[in-house]
Structure formats: C-alpha cells, structure tokens
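Residue 418 in the working numbering sits at position 417 of the first sequence, with consecutive numbering throughout. Everything on this sheet refers to the single structure shown next.
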Amino acid sequence: MSEEKLPTRKENFAEWYNQLVLRADLADYAPVRGCMVVKPYGWALWENIQQALDHRFKATGHVNAAFPLLIPQSFLEKEKEHVEGFSPELAVVTIGGGEVLEEPLIVRPTSETIIGYMYSKWIKSYRDLPVLINQWGNVVRWEMRTKLFLRTLEFYWQEGHTAHATAEEAQEETLRMLNIYADFAINDASVPVVAGRKSSAEKFAGAASSYTIEAMMGDTRALQSGTSHNLGQNFAKAFNIQYLDQNNELQYAWTTSWGMSTRFIGAIIMTHGDDQGLVLPPRLAPIQAVIVPIYKTEAEKASVMEAVERVKAQLINFRIKVDEREEVTPGFKFNDWELRGVPLRIEVGPKDVEKGTVAFARRDIPGREGKSFVPQTQLEAQVAEMLQTIQASLHERARNFRMENTHNPADYAALQEVVQAGWAFSWWCGSPECETKVKDETKATTRCMPLEQPGGEGPCIVCGKPSTEKVIFARAY
RNA sequence: CGGGGUGUAGCGCAGUUCGGCAGCGCACCGCGUUUGGGACGCGGGGGUCGGCGGUUCGAGUCCGCCCGCCCCGACCA
2 MSEEKLPTRK
12 ENFAEWYNQL
22 VLRADLADYA
32 PVRGCMVVKP
42 YGWALWENIQ
52 QALDHRFKAT
62 GHVNAAFPLL
72 IPQSFLEKEK
82 EHVEGFSPEL
92 AVVTIGGGEV
102 LEEPLIVRPT
112 SETIIGYMYS
122 KWIKSYRDLP
132 VLINQWGNVV
142 RWEMRTKLFL
152 RTLEFYWQEG
162 HTAHATAEEA
172 QEETLRMLNI
182 YADFAINDAS
192 VPVVAGRKSS
202 AEKFAGAASS
212 YTIEAMMGDT
222 RALQSGTSHN
232 LGQNFAKAFN
242 IQYLDQNNEL
252 QYAWTTSWGM
262 STRFIGAIIM
272 THGDDQGLVL
282 PPRLAPIQAV
292 IVPIYKTEAE
302 KASVMEAVER
312 VKAQLINFRI
322 KVDEREEVTP
332 GFKFNDWELR
342 GVPLRIEVGP
352 KDVEKGTVAF
362 ARRDIPGREG
372 KSFVPQTQLE
382 AQVAEMLQTI
392 QASLHERARN
402 FRMENTHNPA
412 DYAALQEVVQ
422 AGWAFSWWCG
432 SPECETKVKD
442 ETKATTRCMP
452 LEQPGGEGPC
462 IVCGKPSTEK
472 VIFARAY
C-alpha cells in the first residue's frame, strides 16, 4: 500500500473511486487501453451477484445457454436503429487464419442479432413459445472514455433473450425481469433503485421500449444499473422469427432482452463506499466476517488461536476468513479489511479469552460506536443477526441519501440548480426538444419515468405544457 | 476525435533551470524487537530515465520526430 489514506469522497469522488478499486483488489488495468482485469476478490463478488441473479432467472423458468462471440457483420445491419446505435463502438475482425475474411466478423456488443437468427431457426409453432434463454458472457464496445467496472471496452454481463406469442406476454416478461433486477438490487445489494421507463432518446437501439433501474451514487449522480427491453417485433421482423398460431396463421414473435453487467459492481462501490474504503452488503460480500486474532506472547497466541478455532467452527455457514498474517499488526489488519469492505470484523484477543467474549466491529459504523462485545456462545445466531442488521441499515442509509437529494423543483431555473447536485423529479411533456434543452444546458439527462407515478397532471418543467407523467432528470454515469 | 497535462525502480516523486557517479519515500527480501486502530531498527535486491535519431569528450538533462498514459469535452451498460 503506497499511501495509507484514500482521498475523501468529498474532495475527489472520481479519484476516491479509482484508488479504491485498485487498492481493494477488485480489478486492475490491463495492457490494452480501456480493458480491465477482474481480480479474484472482484470476481468473487461478481460470482455472488451471478448466483443471486441466476437463482431468480431459473425460478422464473429461464435456462442458460451460450452463443458465439463473433457475429457476421451483415447481422448487425438487419435492424436499422440497432446498427445505427452500435456502429460507432464495434470491434471488427477482418483477418482470420492469415486471410482477409470475405465477410468481416463483429465482436458482439450484445447478442440480439445472432440470437434472433437462431430463434428464427428454432421457432416454428406457438408450441415452441415462449423461449426463455439467458447467457452469461462478455461483450465488447469500443468506448472512448473508460473507467473500471463502469465503462470498459470489454465487460461481463448476462443477457436474457426471450420470444413470446403475444405483445402482452412480451411486455409482462419485460417488467418481470425489471422487477427481478430491482428485487436483487434492493434485497441482495442493499442498493435502492427506481424502476422506470426510458425516454425514446435514452432507450436501447432497436427496442420498442426500454426499462431501467436507476440508482443514486454517493456523489448524487445516477447510474443505470440494469435494463430490460421490450423489443416488440423489431428483431422478429429483421430476423424472420415467425410461428404458426392456433389458427394456422403465420405470426411474428414478440421478443425481449434484459441485462445486468459488472457495472453493477461500480454501483455497489459508489452507493455504500465511505472514506475508509469499500463497504459490501453482507449477502454479496466474498468474505462476510473476518476474524482477527490478537496476541503478544507465544502463550497468548496458543490460547487465542484455540478460541479462534472454536469461533470459526461455529460459523461454517458463513463466508469467513481468519487473518493469520504474522507480519502485520492487528491495527493494520483492521484498516486493511475495512478498505476491502468486509461487513463484520471479529476480534479475538487475550482479554476475550479471559472473559469468554469476542469483539464485533461493524463495517457500516466505523470507530468505537460500531464495536460491541459478545459472548463466544451462540455466535452463529449473533453473526446472522448482525449481518442482517448491516444489510438493512445499508439499504436504509442509501435510501435516505437518495430521498434527501431528490428534489421537486418549482420551475426550470430551480431544475437547473438542483441537477448539479441531485436528482430532479419533474413533470415532463415527453418532447425530445425539452429533453435536449435540459441536457444541453445542464448536462442532466432523463433517467426514467418511474413506474410509480403520483398520478394527475402538471406543467412540463421546461415548456409548461400540461403533462401526465413525471420524469427523473439527473447527471448520469 | 478536439483541448490540456504527463512519461525517471512495482507505486508516488526529486533531479532537467545551468550537460559531469541515477536518487528519495512507500512497497519488496533477510534478521531482530513489536502486536486491542495503519510498529520500529539494521542490512539488502531492484533502472533500456517512454522510443528512435541528432548535438557533445560526455545527455535523464539540449534539439527533432514518434509513441504511451491521464484529465476535460461529444457517445454509451
């Protein structure tokens, strides 16, 4: 560790983030500009995210499969809006096996096209529907400005692709998956999110409508943390996904796609992290509790380690790490594990051996207030309860922060002001002109029209025309 | 791609003004003392000074060209 302290979030949020990712051992820069290496600790976090999502996907009838990385260039061109949206950021393979390829291959930026092609082969009858497939994989988008986890040339994600017989079913699926993302974010990651619909300017290239979960980061900027798209019949028509219905009539299928990426790790970092470093939600933390033995003499070490073994034995149902390093002091270890975001630290020292206790230190409450002494018995229940408490308090704190920084500006001048350090929740007439004006003058974009609306109507915050829907304006990552 | 900055040990930097043995802090290795909030002492290893070319007895330092990276802008999960 070259410097001991991180920059504070207040003095430099961007730098705080960069250093935290590196020093918490989540990821490192790869030799290719814009690419990252996800290190074992970061990947363990991702694996826990994967597991939490995958359970939910399976529970709603989805199955996993794998589609290829390389896509014929012509596929991208079949859906007009899709190709326009993605062309600027494609990586193209033009040479293979030393020969210039007859048709260049695209490194997938997303897989709607190749999956659409396959679905057209697989789907013949209404009996084949719905098709509910997900894949875990990586994609490449040639981004200009990159940032670890938030925006890299290559990133890891899951993309679900489904096909349905009716528009209604497709819409249901789109919202079902949006809700799964929201449920995961709130309950497993303690990241409060707003579920809503994207404006047409912000929607996925080729979608009929896009939905998002938006989270507020510690600097009040918004982060799109997961998306679900109703693709209508756009891709079905482009790829000829047709089936015979009960009346023996040929119909185009209705498709959806939905994804959540390693970007969500960025959401966790920027939602919960503090000036000491990372703060991980217990349900996703690779290490839920770290045990730090404390001793001076060999005799103390023997009795402490014996107590540590007893403590550890009670906690086999948790992800536990015993920090047995001899070359660093306990004080160093405290700071080290705080930097890495471990939710609970359990200290075992000579005084604990004597008194039959251990010391708990909660990561979400730094310093003395977060410490408590508990008996060495019934530790499983006590740890479970403490982790649950931390899980809930992280969510509550983040939710309060979002509410404190979400404003209801009275007029356009007030909107310009509030979006510099918060979200604005305002009536909007839905016109691209008003949306663009806000973007040009404040750098804030429409994040979503939340599914939960107050109802009624009000004047558009920009042009004053009567409107029936409220939207979130915010500066976003 | 436009604007700005920067390249010297793994990281952070000094040395460049005015050419003359390539250094400091952290990290790393060894030994010893330490250990309930980022320990200390002693000893050690590690360098195409971003690259190529030029000027010079001599270039990290001066000149030219090239390259990388970072920050700020337009696009995105």
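Ideal Cβ positions, reconstructed from N, Cα and C, are used throughout, including at glycine. These numbers were taken from a predicted model, which means no experiment stands behind them.
Residues of its chain near residue i, where Cβ-Cβ distance is below 7 angstroms and the 5 sequence neighbours each way are ignored
| i | result |
| --- | --- |
| G233 | A209, W255 |
| F76 | T114, I115, Y118 |
| L388 | P283, Q289, P344, L345 |
| E174 | T163, H165, T257 |
| K440 | T446 |
| A202 | P433, E436 |
| Q454 | E470, K471 |
| M2 | The pLDDT assigned to M2 is 37, lower than 50, so where the model puts this residue is not dependable; a value taken from the coordinates is nonetheless given after this. Within the same chain, M2 has close Cβ partners R24. |
| T95 | V101, L102, P105 |
| W17 | L7, P8, T9, R10 |
Residue i, DSSP secondary structure in three states
| i | result |
| --- | --- |
| N18 | Sequence check: residue 18 is Tyr here, not Asn. Helix at Y18. |
| P331 | helix |
| N139 | strand |
| I321 | strand |
| Q159 | strand |
| S3 | Note that S3 scores a pLDDT of 34, beneath 50, so its modelled location is shaky; the value from the coordinates is reported in the next line. Coil, per DSSP. |
| E170 | helix |
| R198 | strand |
| M178 | helix |
| G459 | strand |
| R10 | coil |
| Y478 | coil |
| S211 | strand |
| W394 | It should be noted that the sequence gives Ser, not Trp, for residue 394. In the structure shown, S394 sits in a helix (DSSP, three-state: H, G or I). |
| F479 | Shown here, the chain extends from 2 to 478; a query on residue 479 therefore has no answer. |
| E470 | strand |
| S191 | coil |
| M37 | strand |
| K372 | strand |
| K313 | helix |
| L340 | helix |
| F402 | helix |
| A411 | coil |
| K148 | strand |
| E348 | strand |
| A45 | helix |
| R222 | coil |
| A28 | strand |
Exposure label - residue i; buried when at least 16 CB within 10 Å
| i | result |
| --- | --- |
| A414 | exposed |
| I366 | exposed |
| T272 | buried |
| M404 | exposed |
| D353 | buried |
| I242 | buried |
| V64 | exposed |
| R369 | exposed |
| D246 | exposed |
| T298 | exposed |
| E339 | buried |
| V93 | exposed |
| F374 | exposed |
Same chain, Cβ closer than 6 angstroms to residue i, five either side skipped, listed in chain order
| i | result |
| --- | --- |
| A362 | R346, G371, K372 |
| L149 | V22, A28, M37 |
| N406 | T221, G423 |
| V84 | L77, E78 |
| K334 | V293, D324 |
| Y157 | N139, T263 |
Cβ separation of residue i and residue j, assumed to be a contact under 8 angstroms, to the nearest whole Å
| i | j | result |
| --- | --- | --- |
| L27 | Y42 | 6 angstroms |
| E225 | A477 | One detail in the question is off: residue 225 reads as Gln in this sequence, not Glu. Rounded, the Cβ-Cβ distance is 7 angstroms, consistent with contact. |
| V349 | V312 | 6 angstroms |
| I269 | V195 | Contact doesn't hold; Cβ gap of about 17 angstroms is too wide. |
| A399 | A223 | So it is not a contact: roughly 13 angstroms between Cβ atoms. |
| W137 | Q51 | 7 angstroms |
| I187 | H56 | Wrong, their Cβ atoms sit about 15 angstroms apart, outside the cutoff. |
| V259 | M145 | A small correction: the amino acid at residue 259 is Trp; Val does not occupy that position in the sequence shown. Between M145 and W259 the Cβ distance is about 26 angstroms, and since that is not below 8 angstroms, they are no contact. |
| G86 | M450 | The pair is not a contact, with the Cβ atoms about 21 angstroms apart (cut-off 8 angstroms). |
Contact set for residue i: own chain, Cβ-Cβ below 8 angstroms, skip 5 residues either direction
| i | result |
| --- | --- |
| L46 | L27, I266, I269, L281, L285, A286, P287 |
| E458 | W428, P467, S468, T469 |
| F402 | M217, G219 |
The ligand FAD heavy atom lying under 7 angstroms from the CB of residue i
| i | result |
| --- | --- |
| S432 | Judged by which ligands are present, the structure shown has none, so any question about the ligand FAD falls away. |
What are the start and end residues of each continuous alpha helix (DSSP H) run of 4 or more residues lying completely inside the region 224-289, in chain order?
235-240, 264-273
Which ranges does the beta strand (DSSP E) cover as unbroken runs of at least 3 residues, wholly within the region 428-453, from first to last along the chain?
446-451
Which residue spans inside the region 49-128 form an unbroken beta strand (DSSP E) run of at least 3?
71-73, 92-97, 100-108
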